[in-house]
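Using the numbering used here, the letters of the sequence shown map in sequence onto residues 8 to 519.
Cβ atoms here follow ideal geometry from the backbone N, Cα and C, with glycine treated the same way.
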Amino acid sequence: MSRGGKAIEGRLLDDPRVAAMLARVSDFTLSETDAEGICTRFEPYSDLYTLAPPTEIIGQRLDYYYPPQERANGMYERFLAAARANGRVEGEGWRYRIDGTRRWMRFSIEARRDEAGEITGFVGVSYDVTHERDSARKLYASEEAMRFLVNGLTGHAIYMLDPDGAVTNWNAGAERLKGYIAEEIVGQHFSCFYTEEDRAAGLPARALAIARDEGRFEGEGWRIRKDGSRFRAHVLIQPLVDYEDKFVGFAKMTRDITAEHRAAEDLADAREKLAQTQRLRSLGELTGGIAHDFNNLLTVIRGSAELLSRPGFDEAKRGRQLRAIIETADRAAELTGQLLAFARRQPLQPRALDLNEQIAGMAELLGRTLGKPIAIRTRLTPDLWSITADPAQLHSVILNAAINARDAIAGQGSVTFITENVAAPEGDCVRLAIVDDGEGMSPEVRARVFEPFFTTKPVGKGTGLGLSQAYGFAAQSGGRIEIDSAPGEGTTLSLYLLHVLVFRLVSALFWE
């Protein structure tokens, strides 16, 4: 620096207005030393950061406020030597204040030279960055704690993706679950975990798009490990933004739910088997009456056949006997068809039905099931709306409800079948009410009747699936089922099924 430049610098530093301005905009100390490092000037530009009174520091070496260990190790001399060799040195370290507390300072020491190039002294600037350092250390500790937590979740694959879907980091859980170490997978696109079918369908890109547009993606599906094996995964993807709210990628968590998925499948299979058992149990209730009726039908057929086989049988009566055989065979075929329809297993096959006709067609079947002590009554509304339902499942629900009604009646009683058109919140419906005058239910029992496997019958007498099947049938048919009962007042089971036109409209809007 020229002699004129030094003079200007000195005047600026001595100007009280400049000093006041520096105190307002910065928190630092300015010091000057001679060539040996003895302080010739010390300016603390903020009382908060005053390390020592200037009167105590001027004339002293500037390691006056260094920690004792650094003074003993000659740290100050090393800084000056570096400034002599390089013209400037920078660093950070603890420095002590007047009150004995310490501050973390960031400093710079620059050598001053005369016109001949000889070092005449040093200028030092120190900034208090204690808060900055503490914040950085807290952030680091927080990040380390989070890293420890993430790596400790060995049951979850937790990793980050860049905006395009490439893996950017990998935790221990991801390595355990998917079989890749970090060096193998970082940089690869996360779609490599998907099945070929899902990749072809564009599922990986769709998942990222949903996460970015809606703030979250959650779902489950099959994923592929490094060894090619499959596992069922529950997946959560969330977008990540930086401190400026700029999108920077995704956080992804994957959990292996293969065991839960298989357990759910096993439970569904068990329920289906029990449902079939329930159907067969109900079928067994019909066995006695059915056997008797088949014997009657066979008697008619056999008797007519014997008459026709007699020599000299009146030809005028032959046609009548043949018609009797045909009609009886048709009745037997119809009865067999009802039994097969009731016992079969298949998805719902809904079609337009007249509920009044369905109940009338089941009259004989219901009579055999309920027995003579129980009277069957009907109150069927004329001009009843058509409904849409699977006839076999409808028959199953009606028959199960009738059996429950019979079991609730001690001795003689009645079961009444009521149909009516009703305007319901879900749309125009037909209501089928099955009313018995049995013992009724307590509120506790009534609250649980639609639960799968719940039954009040003795062991071996019921599966607890009859009403839960009825509940499922109503829901699948777009309707609902309700039960009203009280101890000593009997039970009313109400099945609401959509008007055929409403059913078609709802199907077109929501189910197709």
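Approximately 5 Å separates the beta-carbon atoms of residue 111 and residue 140; this is inside 8 Å, confirming the contact.
For residue 474 and residue 488, the gap between their C-alpha atoms comes out near 9 Å. Closest in alpha carbon position to residue 95, among 73, 119, 103, is 119.
By the C-beta criterion, the region 321-341 is judged not to be in contact with the region 395-405, since fewer than 3 inter-stretch pairs fall below 8 Å.
Cβ neighbours of residue 71 within its own chain (closer than 6 Å, five residues either side excluded): 64. Counting every other CB atom within 10 Å of its CB across the protein chains shown gives residue 373 a total of 16 or more, marking it as buried. In the DSSP assignment, residue 38 falls within the unbroken beta strand (DSSP E) covering 35-41. Its Cα nearest to that of residue 406, the residue 476 stands out among 76, 101, 455, 476. Apart from sequence neighbours up to five positions away, the residues of its chain that approach residue 173 with a beta-carbon distance below 7 Å are 194, 195, 196, ordered along the chain. In the structure shown, residue 448 adopts coil according to DSSP, grouped into three states.
In this structure, 262 is the residue among 129, 262, 106 with its C-alpha nearest to the C-alpha of residue 182. Look at residue 503 here: in three-state DSSP terms it is strand. The C-beta distance from residue 37 to residue 132 rounds to 6 Å, short enough to fall under 8 Å. Cβ neighbours of residue 241 within its own chain (closer than 6 Å, five residues either side excluded): 227, 262, 264.
Distance from residue 420 to residue 383 at the Cβ level is roughly 11 Å; contact not present, criterion being Cβ atoms closer than 8 Å. A residue is called buried once 16 or more other Cβ atoms fall within 10 Å of its Cβ, and residue 340, having fewer, is exposed. Residue state for residue 105 is assigned as coil, using DSSP reduced to three classes. Note that the C-beta distance between residue 502 and residue 482 is not below 7 Å. Scanning its chain for C-beta atoms nearer than 6 Å, with the 5 sequence neighbours on each side dropped, one finds around residue 255 the residues 247, 249, in chain order. Taking residue 359 as the centre and dropping the five residues before and after it, the same chain places the C-beta of 393, 395, 507 closer than 7 Å to its C-beta, in chain order. Rounded to the nearest angstrom, the gap between the Cα atoms of residue 114 and residue 229 is 58 Å.
Beta-carbon to beta-carbon, residue 440 and residue 425 are separated by about 4 Å, close enough to satisfy the 8 Å threshold.
Shown here, residue 359 sits in a strand according to DSSP, grouped into three states.
Residue pairing from DSSP leaves residue 305 without any beta-bridge partner.
For residue 183, there is no enclosing beta strand (DSSP E); the enclosing alpha helix (DSSP H) covers residues 179-185. Between the alpha carbons of residue 280 and residue 453 lies a gap of roughly 25 Å. For residue 134, the enclosing beta strand (DSSP E) starts and ends at 126-135. Rounded to whole angstroms, the gap between the alpha carbons of residue 101 and residue 74 is 7 Å. With a cutoff of 7 Å on beta-carbon distance, residue 500 and residue 484 are scored as not near each other. When DSSP states are grouped into helix, strand and coil, residue 484 belongs to the coil group. With contacts defined as CB atoms closer than 7 Å, residue 486 and residue 445 fail to qualify as a contacting pair. Taking each of 233, 218, 430 in turn and checking the Cα distance to residue 192, the smallest one comes out for 233. Less than 7 Å separates the beta-carbon of residue 231 from that of residue 200. Residue burial annotation: residue 403 is buried, with at least 16 other C-beta atoms found within 10 angstroms of its C-beta. According to the DSSP assignment, residue 168 belongs to the beta strand (DSSP E) that extends over 163-168. Nearest neighbour of residue 494 by Cα position, chosen from 80, 450, 35, 124, turns out to be 450.
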